[in-house]
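Position 3, counted from 1, in the sequence shown is what the working numbering calls 166; the numbers after and before it change by one each time, with no gaps.
Accompanying notes for the structure given below.
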Amino acid sequence: MNSGFQWWLVILGIGLGAGLLWLVLGRLPRQDDDIGTIERGAEAIWISRTIESGGGIAPVALVEEILELHGTYLEGPPLLVEPAADPPGSPIADLPPEGALADTGPRSPVDPWTADPMRPRPPLSVGDGPSVQRHDTRRETPEADVRQAG
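Put into structure tokens, the structure is as follows:
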């Protein structure tokens, strides 16, 4: 082999390596530092619309504040949180011990909140602030009234 062909192989190898590196690094998850203020606003709008499409209430200003607080939290030192004992009757305390066989009977895919549309939803509490009542859009649209009547 002549030296010209060997140099061509070296250049080709560098190009393929750079392309592979770009492909791998381009697929890595982004960090909070990668998101600018404009994209953060678009993210807040997207989160707000997603929550509201599911029947919740999430104003864009509240979501922006939560995202800002989350960024501040990530910049700080980790919290020292000790796991608390689960009170009897909590969903976690009622789980079978690890390694035990779980109940394999048939499970109902019905959400208890949608099974009975007249059942009021519990308030969602946010820290020490006021409680937020979920917004059920199914009963407030004319189409929903027609579907329920029919």
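Just so you know, even glycine gets a beta-carbon here, dropped at the ideal spot from N, CA and C.
Contact under 9 Å by Cβ, residue i with residue j
| i | j | result |
| --- | --- | --- |
| residue 195 | residue 237 | yes |
| residue 226 | residue 205 | no |
| residue 221 | residue 214 | yes |
Residue environment, residue i, which counts as buried when at least 16 other CB atoms sit within 10 Å
| i | result |
| --- | --- |
| residue 211 | buried |
Euclidean distance between Cα positions of residue i and residue j
| i | j | result |
| --- | --- | --- |
| residue 228 | residue 200 | 12 Å |
| residue 177 | residue 187 | 15 Å |
| residue 197 | residue 243 | 27 Å |
| residue 202 | residue 235 | 17 Å |
| residue 230 | residue 184 | 31 Å |
| residue 167 | residue 191 | 37 Å |
| residue 169 | residue 175 | 10 Å |
| residue 165 | residue 179 | 22 Å |
| residue 209 | residue 193 | 17 Å |
| residue 216 | residue 172 | 55 Å |
| residue 189 | residue 219 | 34 Å |
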